[in-house]
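Numbering (the working numbering), first residue to last: 581 to 1067.
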(Lines of atoms letter the chains of each structure in order from A and count residues from 1; the text may use other names and numbers.)
(Lines give C-alpha, C1' and ligand atoms only; values in the text may rest on other atoms or scores of the structure.)
Protein backbone atom coordinates (compact mmCIF):
# COMPACT_ATOMS: atom_id res chain seq x y z
CA UNK A 1 0.00 0.00 0.00
CA UNK A 2 2.83 2.38 0.89
CA UNK A 3 4.54 1.49 -2.41
CA UNK A 4 1.40 2.34 -4.40
CA UNK A 5 0.94 5.65 -2.61
CA UNK A 6 4.60 6.59 -2.89
CA UNK A 7 4.60 6.22 -6.66
CA UNK A 8 0.92 7.24 -7.15
CA UNK A 9 -0.16 4.01 -8.84
CA UNK A 10 -3.85 3.67 -9.73
CA UNK A 11 -3.61 0.50 -11.85
CA UNK A 12 -3.70 -2.49 -9.51
CA UNK A 13 -2.33 -5.08 -11.95
CA UNK A 14 0.60 -2.91 -13.05
CA UNK A 15 1.46 -1.91 -9.47
CA UNK A 16 1.45 -5.49 -8.20
CA UNK A 17 3.56 -6.65 -11.13
CA UNK A 18 6.03 -3.81 -10.61
CA UNK A 19 6.31 -4.54 -6.89
CA UNK A 20 7.01 -8.25 -7.45
CA UNK A 21 9.63 -7.44 -10.09
CA UNK A 22 11.45 -5.09 -7.70
CA UNK A 23 11.36 -7.66 -4.89
CA UNK A 24 12.67 -10.36 -7.23
CA UNK A 25 15.50 -8.35 -8.78
CA UNK A 26 16.60 -5.90 -6.09
CA UNK A 27 15.83 -7.40 -2.67
CA UNK A 28 18.25 -9.80 -0.92
CA UNK A 29 17.25 -13.47 -0.96
CA UNK A 30 16.83 -13.51 2.83
CA UNK A 31 14.06 -10.88 2.67
CA UNK A 32 12.21 -12.00 -0.47
CA UNK A 33 10.20 -14.78 1.13
CA UNK A 34 8.95 -12.57 3.95
CA UNK A 35 7.97 -9.71 1.63
CA UNK A 36 6.21 -12.05 -0.80
CA UNK A 37 4.26 -13.69 2.04
CA UNK A 38 3.20 -10.31 3.43
CA UNK A 39 2.19 -9.16 -0.05
CA UNK A 40 0.14 -12.30 -0.80
CA UNK A 41 -1.62 -12.13 2.58
CA UNK A 42 -2.47 -8.45 2.09
CA UNK A 43 -3.96 -9.13 -1.36
CA UNK A 44 -6.54 -11.45 0.23
CA UNK A 45 -7.79 -8.84 2.70
CA UNK A 46 -10.84 -6.60 2.38
CA UNK A 47 -8.50 -3.68 3.10
CA UNK A 48 -6.72 -4.37 -0.20
CA UNK A 49 -10.01 -4.37 -2.10
CA UNK A 50 -11.14 -1.09 -0.55
CA UNK A 51 -7.72 0.51 -1.09
CA UNK A 52 -7.72 -0.22 -4.84
CA UNK A 53 -11.29 0.96 -5.19
CA UNK A 54 -10.23 4.30 -3.76
CA UNK A 55 -7.10 4.44 -5.94
CA UNK A 56 -9.15 3.77 -9.07
CA UNK A 57 -11.62 6.45 -8.07
CA UNK A 58 -8.82 8.97 -7.61
CA UNK A 59 -7.35 7.93 -10.95
CA UNK A 60 -10.70 8.36 -12.69
CA UNK A 61 -11.13 11.82 -11.19
CA UNK A 62 -7.64 12.83 -12.26
CA UNK A 63 -8.26 11.54 -15.78
CA UNK A 64 -11.61 13.32 -15.91
CA UNK A 65 -9.97 16.60 -14.86
CA UNK A 66 -7.39 16.22 -17.62
CA UNK A 67 -10.01 15.39 -20.25
CA UNK A 68 -12.18 18.33 -19.20
CA UNK A 69 -9.24 20.70 -19.51
CA UNK A 70 -8.49 19.41 -23.02
CA UNK A 71 -12.13 19.77 -24.07
CA UNK A 72 -12.32 23.33 -22.74
CA UNK A 73 -9.12 24.30 -24.58
CA UNK A 74 -10.41 22.82 -27.85
CA UNK A 75 -13.76 24.53 -27.34
CA UNK A 76 -12.15 27.94 -26.81
CA UNK A 77 -9.88 27.53 -29.83
CA UNK A 78 -12.76 26.40 -32.04
CA UNK A 79 -15.01 29.28 -31.00
CA UNK A 80 -12.21 31.79 -31.49
CA UNK A 81 -11.74 30.51 -35.03
CA UNK A 82 -15.48 30.74 -35.70
CA UNK A 83 -15.63 34.32 -34.43
CA UNK A 84 -12.73 35.32 -36.67
CA UNK A 85 -14.27 33.54 -39.64
CA UNK A 86 -17.63 35.24 -39.09
CA UNK A 87 -16.16 38.75 -39.51
CA UNK A 88 -14.29 37.91 -42.72
CA UNK A 89 -16.06 38.87 -45.97
CA UNK A 90 -17.37 35.97 -48.01
CA UNK A 91 -17.94 35.81 -51.74
CA UNK A 92 -20.56 33.09 -51.44
CA UNK A 93 -23.02 34.92 -49.22
CA UNK A 94 -25.84 34.50 -51.71
CA UNK A 95 -25.43 30.70 -51.93
CA UNK A 96 -27.58 28.60 -49.60
CA UNK A 97 -25.91 25.55 -48.05
CA UNK A 98 -27.92 22.31 -48.22
CA UNK A 99 -27.29 21.64 -44.51
CA UNK A 100 -28.60 25.07 -43.57
CA UNK A 101 -31.67 24.62 -45.75
CA UNK A 102 -32.42 21.25 -44.19
CA UNK A 103 -32.40 22.83 -40.74
CA UNK A 104 -34.56 25.84 -41.52
CA UNK A 105 -37.80 25.62 -39.50
CA UNK A 106 -41.04 25.19 -41.42
CA UNK A 107 -43.45 28.06 -41.81
CA UNK A 108 -45.62 26.56 -39.06
CA UNK A 109 -42.79 26.72 -36.53
CA UNK A 110 -42.05 30.02 -34.75
CA UNK A 111 -38.40 31.07 -35.07
CA UNK A 112 -36.27 33.44 -33.04
CA UNK A 113 -33.85 36.04 -34.32
CA UNK A 114 -30.98 34.08 -32.84
CA UNK A 115 -32.05 30.99 -34.75
CA UNK A 116 -31.82 32.76 -38.10
CA UNK A 117 -28.25 33.93 -37.58
CA UNK A 118 -26.76 30.84 -35.93
CA UNK A 119 -27.26 27.39 -37.40
CA UNK A 120 -26.61 24.50 -34.99
CA UNK A 121 -25.09 21.26 -36.22
CA UNK A 122 -27.58 18.61 -37.25
CA UNK A 123 -29.76 17.35 -34.42
CA UNK A 124 -28.07 19.05 -31.48
CA UNK A 125 -29.84 21.30 -29.04
CA UNK A 126 -28.66 24.89 -29.31
CA UNK A 127 -28.19 25.77 -25.64
CA UNK A 128 -26.48 29.09 -26.46
CA UNK A 129 -29.68 30.40 -28.00
CA UNK A 130 -31.68 29.04 -25.08
CA UNK A 131 -29.97 31.34 -22.59
CA UNK A 132 -30.69 34.41 -24.69
CA UNK A 133 -34.25 33.51 -25.60
CA UNK A 134 -36.38 31.72 -23.03
CA UNK A 135 -39.16 31.12 -25.55
CA UNK A 136 -37.24 29.00 -28.09
CA UNK A 137 -35.11 25.87 -28.01
CA UNK A 138 -33.80 24.76 -31.40
CA UNK A 139 -33.07 21.12 -32.25
CA UNK A 140 -31.97 20.11 -35.74
CA UNK A 141 -33.56 23.25 -37.16
CA UNK A 142 -36.88 22.59 -35.40
CA UNK A 143 -38.26 24.70 -32.59
CA UNK A 144 -39.03 21.87 -30.19
CA UNK A 145 -40.17 24.35 -27.54
CA UNK A 146 -42.97 25.47 -29.85
CA UNK A 147 -43.88 21.85 -30.59
CA UNK A 148 -43.93 21.04 -26.89
CA UNK A 149 -46.10 24.06 -26.00
CA UNK A 150 -48.62 23.11 -28.72
CA UNK A 151 -48.59 19.55 -27.39
CA UNK A 152 -49.21 20.87 -23.87
CA UNK A 153 -52.08 23.08 -25.03
CA UNK A 154 -53.71 20.10 -26.71
CA UNK A 155 -53.24 17.97 -23.57
CA UNK A 156 -54.87 20.69 -21.48
CA UNK A 157 -57.98 20.49 -23.68
CA UNK A 158 -58.46 16.75 -23.10
CA UNK A 159 -61.78 16.27 -21.25
CA UNK A 160 -61.34 15.79 -17.52
CA UNK A 161 -61.01 13.46 -15.73
CA UNK A 162 -58.27 11.97 -17.91
CA UNK A 163 -58.01 8.22 -18.46
CA UNK A 164 -54.54 7.69 -17.04
CA UNK A 165 -53.49 4.51 -18.86
CA UNK A 166 -54.05 5.86 -22.36
CA UNK A 167 -53.12 9.51 -21.70
CA UNK A 168 -50.28 9.20 -19.18
CA UNK A 169 -47.78 10.91 -21.51
CA UNK A 170 -50.14 13.84 -22.07
CA UNK A 171 -50.54 14.20 -18.30
CA UNK A 172 -46.75 14.19 -17.95
CA UNK A 173 -46.61 16.96 -20.57
CA UNK A 174 -48.98 19.05 -18.44
CA UNK A 175 -46.35 18.66 -15.72
CA UNK A 176 -43.70 20.05 -18.16
CA UNK A 177 -42.14 16.61 -18.74
CA UNK A 178 -41.68 15.10 -22.21
CA UNK A 179 -41.50 11.30 -21.87
CA UNK A 180 -39.13 9.65 -24.36
CA UNK A 181 -38.60 5.92 -24.83
CA UNK A 182 -37.99 3.86 -27.96
CA UNK A 183 -41.22 2.63 -29.58
CA UNK A 184 -43.25 4.02 -26.67
CA UNK A 185 -44.50 7.33 -28.08
CA UNK A 186 -48.21 8.09 -27.76
CA UNK A 187 -50.11 8.72 -30.98
CA UNK A 188 -50.99 12.22 -29.79
CA UNK A 189 -47.35 13.08 -29.18
CA UNK A 190 -46.35 11.74 -32.59
CA UNK A 191 -48.95 13.96 -34.25
CA UNK A 192 -47.14 17.05 -32.92
CA UNK A 193 -43.47 16.01 -33.15
CA UNK A 194 -43.31 13.18 -35.64
CA UNK A 195 -41.79 9.82 -34.71
CA UNK A 196 -38.45 10.54 -36.40
CA UNK A 197 -37.90 13.77 -34.47
CA UNK A 198 -38.87 12.10 -31.18
CA UNK A 199 -36.40 9.26 -31.77
CA UNK A 200 -33.62 11.70 -32.64
CA UNK A 201 -34.40 13.82 -29.60
CA UNK A 202 -34.24 10.67 -27.47
CA UNK A 203 -30.86 9.75 -28.97
CA UNK A 204 -29.62 13.29 -28.41
CA UNK A 205 -30.66 13.37 -24.76
CA UNK A 206 -29.02 10.01 -24.10
CA UNK A 207 -25.85 11.09 -25.90
CA UNK A 208 -25.67 14.19 -23.70
CA UNK A 209 -25.45 11.84 -20.72
CA UNK A 210 -22.98 9.46 -22.37
CA UNK A 211 -20.69 12.35 -23.29
CA UNK A 212 -20.10 12.97 -19.58
CA UNK A 213 -18.53 9.54 -19.16
CA UNK A 214 -14.72 9.69 -19.61
CA UNK A 215 -13.29 7.74 -22.54
CA UNK A 216 -11.07 5.93 -20.06
CA UNK A 217 -14.04 4.08 -18.54
CA UNK A 218 -13.91 0.53 -19.98
CA UNK A 219 -16.84 -1.62 -21.07
CA UNK A 220 -17.32 -5.28 -20.24
CA UNK A 221 -15.33 -7.52 -22.54
CA UNK A 222 -16.07 -11.05 -23.69
CA UNK A 223 -13.28 -12.20 -21.39
CA UNK A 224 -15.01 -10.53 -18.42
CA UNK A 225 -18.29 -12.17 -19.36
CA UNK A 226 -16.75 -15.63 -19.74
CA UNK A 227 -14.99 -15.31 -16.38
CA UNK A 228 -18.29 -14.44 -14.67
CA UNK A 229 -20.17 -17.18 -16.52
CA UNK A 230 -17.58 -19.78 -15.54
CA UNK A 231 -18.15 -19.00 -11.85
CA UNK A 232 -21.94 -19.17 -12.22
CA UNK A 233 -21.68 -22.48 -14.09
CA UNK A 234 -19.80 -23.95 -11.14
CA UNK A 235 -22.89 -23.32 -8.99
CA UNK A 236 -25.12 -25.24 -11.41
CA UNK A 237 -22.66 -28.13 -11.39
CA UNK A 238 -22.55 -28.12 -7.56
CA UNK A 239 -18.80 -27.58 -7.66
CA UNK A 240 -19.03 -24.55 -5.37
CA UNK A 241 -21.71 -23.05 -3.13
CA UNK A 242 -23.38 -19.68 -3.85
CA UNK A 243 -21.36 -18.14 -1.02
CA UNK A 244 -18.09 -19.42 -2.51
CA UNK A 245 -19.16 -18.13 -5.92
CA UNK A 246 -19.85 -14.73 -4.38
CA UNK A 247 -16.32 -14.61 -2.95
CA UNK A 248 -14.87 -15.47 -6.37
CA UNK A 249 -16.91 -12.71 -8.01
CA UNK A 250 -15.72 -10.22 -5.39
CA UNK A 251 -12.13 -11.22 -6.12
CA UNK A 252 -12.78 -10.81 -9.83
CA UNK A 253 -14.38 -7.40 -9.26
CA UNK A 254 -11.38 -6.18 -7.27
CA UNK A 255 -9.21 -6.33 -10.40
CA UNK A 256 -11.72 -4.40 -12.53
CA UNK A 257 -12.48 -0.74 -13.04
CA UNK A 258 -14.43 0.43 -9.98
CA UNK A 259 -17.79 0.87 -11.75
CA UNK A 260 -17.48 -2.46 -13.57
CA UNK A 261 -16.56 -3.99 -10.26
CA UNK A 262 -19.67 -2.52 -8.66
CA UNK A 263 -21.92 -4.31 -11.16
CA UNK A 264 -20.12 -7.62 -10.58
CA UNK A 265 -20.35 -7.16 -6.80
CA UNK A 266 -24.08 -6.55 -7.15
CA UNK A 267 -24.45 -9.84 -9.02
CA UNK A 268 -22.39 -11.50 -6.31
CA UNK A 269 -24.79 -10.19 -3.67
CA UNK A 270 -27.73 -11.73 -5.53
CA UNK A 271 -26.15 -15.19 -5.23
CA UNK A 272 -26.70 -15.28 -1.47
CA UNK A 273 -30.11 -13.59 -1.55
CA UNK A 274 -32.04 -15.33 -4.32
CA UNK A 275 -33.95 -18.56 -3.63
CA UNK A 276 -32.64 -21.68 -5.36
CA UNK A 277 -35.84 -22.03 -7.42
CA UNK A 278 -38.65 -19.59 -8.32
CA UNK A 279 -41.28 -19.02 -5.65
CA UNK A 280 -44.60 -20.27 -6.99
CA UNK A 281 -46.88 -18.15 -4.80
CA UNK A 282 -46.17 -14.84 -6.53
CA UNK A 283 -49.17 -13.13 -4.92
CA UNK A 284 -47.59 -13.63 -1.49
CA UNK A 285 -44.42 -11.73 -2.44
CA UNK A 286 -44.85 -8.18 -1.13
CA UNK A 287 -43.07 -4.94 -1.96
CA UNK A 288 -40.66 -5.33 0.97
CA UNK A 289 -39.73 -8.84 -0.21
CA UNK A 290 -39.13 -7.52 -3.71
CA UNK A 291 -37.03 -4.63 -2.43
CA UNK A 292 -34.81 -6.48 0.03
CA UNK A 293 -34.32 -9.81 -1.72
CA UNK A 294 -34.23 -8.99 -5.43
CA UNK A 295 -33.25 -5.33 -5.85
CA UNK A 296 -31.37 -3.97 -2.83
CA UNK A 297 -28.42 -6.40 -3.30
CA UNK A 298 -27.88 -5.27 -6.90
CA UNK A 299 -28.82 -1.58 -6.78
CA UNK A 300 -26.95 -0.81 -3.55
CA UNK A 301 -23.68 -1.67 -5.32
CA UNK A 302 -24.52 0.18 -8.54
CA UNK A 303 -26.05 3.37 -7.12
CA UNK A 304 -24.53 3.73 -3.65
CA UNK A 305 -21.06 3.96 -2.15
CA UNK A 306 -20.35 4.67 1.51
CA UNK A 307 -16.86 5.94 0.67
CA UNK A 308 -18.50 8.63 -1.49
CA UNK A 309 -21.20 9.19 1.14
CA UNK A 310 -23.99 8.12 -1.20
CA UNK A 311 -26.65 5.73 0.09
CA UNK A 312 -29.71 3.97 -1.28
CA UNK A 313 -32.51 3.90 1.28
CA UNK A 314 -36.09 2.62 1.31
CA UNK A 315 -37.90 5.09 3.59
CA UNK A 316 -41.42 5.18 2.11
CA UNK A 317 -41.65 8.69 3.56
CA UNK A 318 -42.63 12.00 1.99
CA UNK A 319 -39.90 13.87 0.14
CA UNK A 320 -39.39 17.61 0.57
CA UNK A 321 -39.35 18.26 -3.19
CA UNK A 322 -42.90 16.90 -3.49
CA UNK A 323 -44.53 16.57 -0.05
CA UNK A 324 -47.51 14.65 -1.45
CA UNK A 325 -45.31 11.80 -2.72
CA UNK A 326 -43.84 8.94 -0.68
CA UNK A 327 -41.17 7.33 -2.90
CA UNK A 328 -40.25 3.74 -2.11
CA UNK A 329 -36.54 4.45 -2.63
CA UNK A 330 -34.32 7.53 -2.41
CA UNK A 331 -30.68 7.84 -3.44
CA UNK A 332 -29.12 10.63 -1.43
CA UNK A 333 -25.80 11.97 -0.24
CA UNK A 334 -24.73 12.21 3.38
CA UNK A 335 -23.43 15.43 4.91
CA UNK A 336 -21.92 14.49 8.26
CA UNK A 337 -24.84 12.80 10.06
CA UNK A 338 -27.68 14.15 7.92
CA UNK A 339 -29.10 13.41 4.50
CA UNK A 340 -27.90 15.78 1.78
CA UNK A 341 -29.10 16.28 -1.78
CA UNK A 342 -31.20 13.69 -3.55
CA UNK A 343 -29.67 12.00 -6.60
CA UNK A 344 -32.47 9.64 -7.53
CA UNK A 345 -35.75 7.92 -6.66
CA UNK A 346 -37.41 4.54 -7.11
CA UNK A 347 -40.90 3.07 -7.12
CA UNK A 348 -41.69 -0.63 -6.67
CA UNK A 349 -44.73 -2.73 -7.48
CA UNK A 350 -44.76 -6.51 -6.82
CA UNK A 351 -46.10 -7.31 -10.29
CA UNK A 352 -48.82 -9.63 -8.97
CA UNK A 353 -52.59 -9.49 -9.46
CA UNK A 354 -52.78 -6.34 -7.34
CA UNK A 355 -50.54 -4.43 -9.77
CA UNK A 356 -52.54 -2.63 -12.45
CA UNK A 357 -51.41 -0.58 -15.41
CA UNK A 358 -52.97 2.44 -13.74
CA UNK A 359 -50.88 1.94 -10.58
CA UNK A 360 -47.74 1.71 -12.71
CA UNK A 361 -48.68 4.90 -14.57
CA UNK A 362 -49.18 6.63 -11.21
CA UNK A 363 -45.66 5.54 -10.18
CA UNK A 364 -44.26 6.98 -13.41
CA UNK A 365 -46.10 10.23 -12.75
CA UNK A 366 -44.73 10.42 -9.20
CA UNK A 367 -41.17 9.74 -10.36
CA UNK A 368 -41.48 12.39 -13.07
CA UNK A 369 -42.64 15.08 -10.63
CA UNK A 370 -40.02 14.15 -8.01
CA UNK A 371 -37.16 14.10 -10.50
CA UNK A 372 -38.37 17.29 -12.21
CA UNK A 373 -38.46 19.22 -8.94
CA UNK A 374 -35.11 17.85 -7.77
CA UNK A 375 -33.51 18.49 -11.17
CA UNK A 376 -34.62 22.12 -10.92
CA UNK A 377 -33.35 22.42 -7.34
CA UNK A 378 -29.97 20.70 -7.78
CA UNK A 379 -29.30 21.82 -11.38
CA UNK A 380 -28.24 18.38 -12.60
CA UNK A 381 -30.00 15.31 -14.07
CA UNK A 382 -31.80 12.90 -11.75
CA UNK A 383 -31.99 9.12 -12.04
CA UNK A 384 -35.17 7.17 -11.34
CA UNK A 385 -35.97 3.48 -11.49
CA UNK A 386 -39.30 1.68 -11.66
CA UNK A 387 -39.94 -1.94 -10.70
CA UNK A 388 -42.83 -4.08 -11.91
CA UNK A 389 -42.27 -7.49 -10.38
CA UNK A 390 -38.97 -8.60 -11.91
CA UNK A 391 -38.87 -5.93 -14.63
CA UNK A 392 -36.46 -3.09 -13.80
CA UNK A 393 -36.54 0.13 -15.84
CA UNK A 394 -34.16 3.09 -15.47
CA UNK A 395 -34.96 6.69 -16.44
CA UNK A 396 -33.06 9.98 -16.42
CA UNK A 397 -34.76 13.36 -16.11
CA UNK A 398 -32.95 16.40 -17.55
CA UNK A 399 -33.82 20.05 -17.76
CA UNK A 400 -33.76 21.09 -21.41
CA UNK A 401 -35.29 24.53 -21.14
CA UNK A 402 -37.46 26.77 -19.00
CA UNK A 403 -40.40 24.57 -17.88
CA UNK A 404 -39.29 21.87 -20.29
CA UNK A 405 -37.83 18.57 -19.04
CA UNK A 406 -37.20 15.22 -20.69
CA UNK A 407 -37.64 11.88 -18.95
CA UNK A 408 -35.84 9.27 -21.04
CA UNK A 409 -35.48 5.53 -20.64
CA UNK A 410 -31.78 4.62 -20.40
CA UNK A 411 -32.05 0.88 -19.80
CA UNK A 412 -34.16 -2.05 -18.70
CA UNK A 413 -33.41 -5.59 -17.52
CA UNK A 414 -35.34 -8.61 -16.31
CA UNK A 415 -34.03 -9.42 -12.83
CA UNK A 416 -33.74 -13.16 -11.99
CA UNK A 417 -36.35 -14.65 -9.66
CA UNK A 418 -34.04 -17.44 -8.49
CA UNK A 419 -30.53 -18.86 -8.76
CA UNK A 420 -31.74 -21.23 -11.45
CA UNK A 421 -32.27 -18.27 -13.80
CA UNK A 422 -29.17 -16.24 -12.87
CA UNK A 423 -27.27 -17.33 -16.00
CA UNK A 424 -30.01 -16.10 -18.32
CA UNK A 425 -29.80 -12.75 -16.53
CA UNK A 426 -26.02 -12.41 -16.71
CA UNK A 427 -25.62 -11.85 -20.45
CA UNK A 428 -23.07 -9.54 -22.03
CA UNK A 429 -25.93 -7.27 -23.13
CA UNK A 430 -27.36 -6.99 -19.60
CA UNK A 431 -23.90 -6.39 -18.14
CA UNK A 432 -23.42 -3.51 -20.57
CA UNK A 433 -26.85 -2.05 -19.73
CA UNK A 434 -26.18 -2.17 -15.99
CA UNK A 435 -22.70 -0.71 -16.44
CA UNK A 436 -23.96 2.13 -18.63
CA UNK A 437 -26.67 3.00 -16.11
CA UNK A 438 -24.06 2.98 -13.34
CA UNK A 439 -21.70 5.22 -15.33
CA UNK A 440 -24.46 7.66 -16.30
CA UNK A 441 -25.57 7.92 -12.68
CA UNK A 442 -22.16 8.65 -11.21
CA UNK A 443 -20.98 11.04 -13.91
CA UNK A 444 -24.29 12.88 -14.40
CA UNK A 445 -25.75 12.92 -10.88
CA UNK A 446 -22.74 12.73 -8.55
CA UNK A 447 -19.62 14.06 -10.31
CA UNK A 448 -21.36 17.29 -11.28
CA UNK A 449 -19.10 20.16 -12.48
CA UNK A 450 -19.87 23.74 -11.57
CA UNK A 451 -21.99 25.48 -14.21
CA UNK A 452 -19.90 27.53 -16.65
CA UNK A 453 -22.74 29.84 -17.62
CA UNK A 454 -25.59 31.70 -16.01
CA UNK A 455 -28.38 29.27 -15.10
CA UNK A 456 -31.88 29.61 -16.42
CA UNK A 457 -34.49 30.99 -14.00
CA UNK A 458 -34.90 28.47 -11.17
CA UNK A 459 -38.41 29.31 -10.04
CA UNK A 460 -40.99 26.68 -10.96
CA UNK A 461 -44.52 27.26 -12.16
CA UNK A 462 -44.99 23.59 -13.06
CA UNK A 463 -48.07 21.79 -11.80
CA UNK A 464 -47.49 19.81 -8.62
CA UNK A 465 -48.55 16.21 -8.10
CA UNK A 466 -51.83 17.16 -6.40
CA UNK A 467 -52.91 19.27 -9.39
CA UNK A 468 -52.08 16.47 -11.79
CA UNK A 469 -53.82 13.79 -9.74
CA UNK A 470 -56.96 15.93 -9.60
CA UNK A 471 -57.23 15.53 -13.38
CA UNK A 472 -57.05 11.71 -13.27
CA UNK A 473 -59.97 9.33 -13.64
CA UNK A 474 -59.71 6.92 -10.70
CA UNK A 475 -61.21 3.99 -12.60
CA UNK A 476 -58.91 1.23 -13.83
CA UNK A 477 -59.21 -1.36 -16.58
CA UNK A 478 -56.81 -4.02 -17.83
CA UNK A 479 -58.27 -3.63 -21.32
CA UNK A 480 -56.99 -0.07 -21.82
CA UNK A 481 -53.94 0.36 -24.01
CA UNK A 482 -50.91 2.13 -22.55
CA UNK A 483 -48.06 3.49 -24.71
CA UNK A 484 -45.49 2.87 -21.95
CA UNK A 485 -44.19 -0.70 -21.84
CA UNK A 486 -43.95 -1.89 -18.24
CA UNK A 487 -43.36 -5.59 -18.95
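Heads up, the beta-carbon is just placed ideally off N, CA and C, and yes, glycines get one too.
Could you check the C-alpha separation between residue i and residue j for me, to the nearest Å?
| i | j | result |
| --- | --- | --- |
| residue 948 | residue 615 | 56 Å |
| residue 748 | residue 718 | 26 Å |
| residue 939 | residue 862 | 18 Å |
| residue 894 | residue 909 | 4 Å |
| residue 921 | residue 1013 | 26 Å |
| residue 762 | residue 776 | 11 Å |
| residue 1052 | residue 735 | 13 Å |
| residue 598 | residue 633 | 19 Å |
| residue 772 | residue 728 | 8 Å |
| residue 1009 | residue 720 | 31 Å |
| residue 1045 | residue 903 | 9 Å |
| residue 818 | residue 849 | 18 Å |
| residue 609 | residue 785 | 60 Å |
| residue 871 | residue 716 | 42 Å |
| residue 840 | residue 1059 | 42 Å |
| residue 873 | residue 1002 | 14 Å |
| residue 1062 | residue 636 | 44 Å |
| residue 1065 | residue 968 | 11 Å |
| residue 1049 | residue 756 | 15 Å |
DSSP beta-bridge partners for residue i?
| i | result |
| --- | --- |
| residue 816 | Answer by DSSP bridge pairing: none, since residue 816 is not bridged. |
| residue 1016 | BP columns for residue 1016 are empty, so no partner. |
| residue 978 | 986 |
| residue 927 | 966 |
| residue 971 | 968 and 994 |
| residue 718 | 723 |
| residue 922 | 912 |
| residue 742 | 1052 |
| residue 902 | 899 |
Do residue i and residue j have their C-beta atoms closer together than 8 Å?
| i | j | result |
| --- | --- | --- |
| residue 641 | residue 799 | no |
| residue 590 | residue 638 | yes |
| residue 946 | residue 905 | yes |
| residue 972 | residue 995 | yes |
| residue 844 | residue 808 | yes |
| residue 760 | residue 1043 | no |
| residue 758 | residue 986 | yes |
| residue 914 | residue 897 | no |
| residue 629 | residue 834 | yes |
| residue 882 | residue 796 | no |
| residue 815 | residue 828 | no |
| residue 976 | residue 912 | no |
| residue 961 | residue 789 | yes |
| residue 950 | residue 907 | yes |
Counting along the chain, where does the alpha helix (DSSP H) carrying residue i start and finish?
| i | result |
| --- | --- |
| residue 612 | 609 to 623 |
| residue 843 | 838 to 851 |
| residue 909 | Run containing residue 909: none in the alpha helix (DSSP H); it sits in the beta strand (DSSP E), 909 to 915. |
| residue 834 | 822 to 834 |
Just mark residue i as buried or exposed, buried being the case when its beta carbon has 16 or more other beta carbons within 10 Å.
| i | result |
| --- | --- |
| residue 594 | exposed |
| residue 587 | exposed |
| residue 927 | buried |
| residue 859 | exposed |
| residue 846 | buried |
| residue 1067 | exposed |
| residue 885 | buried |
| residue 726 | buried |
| residue 866 | exposed |
| residue 869 | exposed |
| residue 837 | buried |
Which residue comes first and which comes last in the beta strand (DSSP E) that contains residue i?
| i | result |
| --- | --- |
| residue 890 | 890 to 893 |
| residue 757 | 757 to 760 |
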